[in-house]
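The block underneath contains the structure these notes are about, expressed in structure tokens.
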Amino acid sequence: MAEVLHVLSGAAIPFGPKSAFRSAITNKKTLAGPIFVTRAGIGGDEQGNKVTHGGPDQALHQYAFEHYATWRREMPELASHLTAPGAFGENLSTRDMTETTVCVGDIYRCGTARVQVTRTRHPCWRLNVRFGVPRMSHRVQDTGRIGWYLRVLEEGTMNAGEPMVLEHRPHPDWPLTRLIRALFGDPLNYPLLEEMAALPELASSSKDFAIKRLATRTLEDWCKRMETPDGA
145 MAEVLHVLSG AAIPFGPKSA FRSAITNKKT LAGPIFVTRA GIGGDEQGNK VTHGGPDQAL
205 HQYAFEHYAT WRREMPELAS HLTAPGAFGE NLSTRDMTET TVCVGDIYRC GTARVQVTRT
265 RHPCWRLNVR FGVPRMSHRV QDTGRIGWYL RVLEEGTMNA GEPMVLEHRP HPDWPLTRLI
325 RALFGDPLNY PLLEEMAALP ELASSSKDFA IKRLATRTLE DWCKRMETPD GA
């Protein structure tokens with residue numbers, strides 16, 4: 145059964161060699177539970193860029209702890225960054241849940257809280273800086289080991305060691321791997337984008353990408369999101 149291994153939170157701090165930005169990705173700390181989770185997320189958890197991070201549809205970031213071993217095997221130079229959960233900025237480090245087994249709109253019970261899968265991560269340049277690898281954002285996106293976000297349907301407490309119990313799966317034909325394909329792998333597949341745009345549980349921030357691509361028949365520029373800015 146899927147299980148929460150760690151619950152994490154962190155304040156945004158100066159980020160990058162020049163400390164020109166703020167982020168919590170290098171400051172996630174394991175919390176001793178039980179942890180109360182609100183619709184806004186975990187108390188004390190912050191985002192450096194609130195335009196593209198946080199909010200009700202991205203209250204919690206979940207990442208599969210199984211991916212850590214894969215990253216260490218593929219990129220041994222990352223080992224020092226992967227000694228403990230939180231390296232990818234996640235709030236929930238879990239076991240037996242991956243992008244292959246989790247679907248858009250899934251509702252899970254963990255402790256007394258109920259959460260719903262809303263969207264996948266869109267890997268950004270902060271991963272490049274965090275891991276010291278210039279194209280880490282591209283690598284994360286290309287592998288599909290990107291993690292996903294949750295909205296909190298019912299506030300409550302959760303704790304490390306508790307199971308994540310699937311209560312409802314409205315879209316079994318939309319595992320996150322299919323959403324990742326629509327967003328990044330085959331991004332101008334118009335029939336796929338039409339299906340994606342019609343998913344009522346999908347976060348509007350992700351749905352907007354499908355709607356704009358369908359309207360313009362073009363792909364948005366990923367450079368600003370994925371390439372490390374000169375000032376970082």
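So in the numbering used here, spot 190 of the sequence shown is number 334, and the numbers just go up one at a time.
Glycine is no exception: its CB is placed at the ideal position from the N, C-alpha and C atoms.
Excluding the 5 residues flanking it on each side, isoleucine 355 has same chain C-beta neighbours closer than 7 Å at Ala341, in chain order. Non-local beta-carbon contacts of arginine 258 in its own chain, meaning distances under 8 Å to residues more than five positions away in sequence, involve Ile251, Tyr252, Val296, Leu297, Glu298, Gly300, Glu311 in chain order.
If you compare the alpha carbons of Arg239, Phe353, Gly329 with that of valine 148, the shortest gap goes to Arg239. Between cysteine 268 and arginine 369, the beta carbon gap of about 5 Å places them in contact (Cβ cut-off 8 Å). DSSP, read as helix, strand or coil, puts tryptophan 292 in strand. Note that the stretch 169-180 touches the stretch 216-235; at least 3 beta-carbon pairs, one per stretch, sit closer than 8 Å.
Restricting attention to Pro344, Leu175, Pro319, Ala146, the CA atom closest to the CA of leucine 152 is found in Leu175. The straight-line gap separating the alpha-carbon atoms of methionine 308 and proline 316 is approximately 17 Å. It is roughly 11 Å from the alpha-carbon of glutamate 364 to the alpha-carbon of aspartate 352.
Only residues of its own chain outside the window of five on either side were considered, and among them Val151, Ile186, Thr301, Met302, Asn303 have a CB closer than 7 Å to the CB of isoleucine 179, listed in chain order. Phenylalanine 159 is bridged by DSSP to Phe165. The continuous stretches of beta strand (DSSP E) do not include alanine 359, which lies in the alpha helix (DSSP H) extending over residues 348-360.
Per the C-alpha coordinates, the member of Cys254, Glu234, Pro161, His266 positioned closest to tryptophan 366 is His266. According to the DSSP assignment, threonine 321 belongs to no beta strand (DSSP E) but to the alpha helix (DSSP H) extending over 320-324.
Short of 7 Å from the beta carbon of leucine 332, and not among the five residues preceding or following it, lie these beta carbons of its own chain, in chain order: Arg357, Leu363. Contact check for leucine 336 and aspartate 330: beta-carbon distance about 7 Å, within the 8 Å limit, so the pair qualifies.
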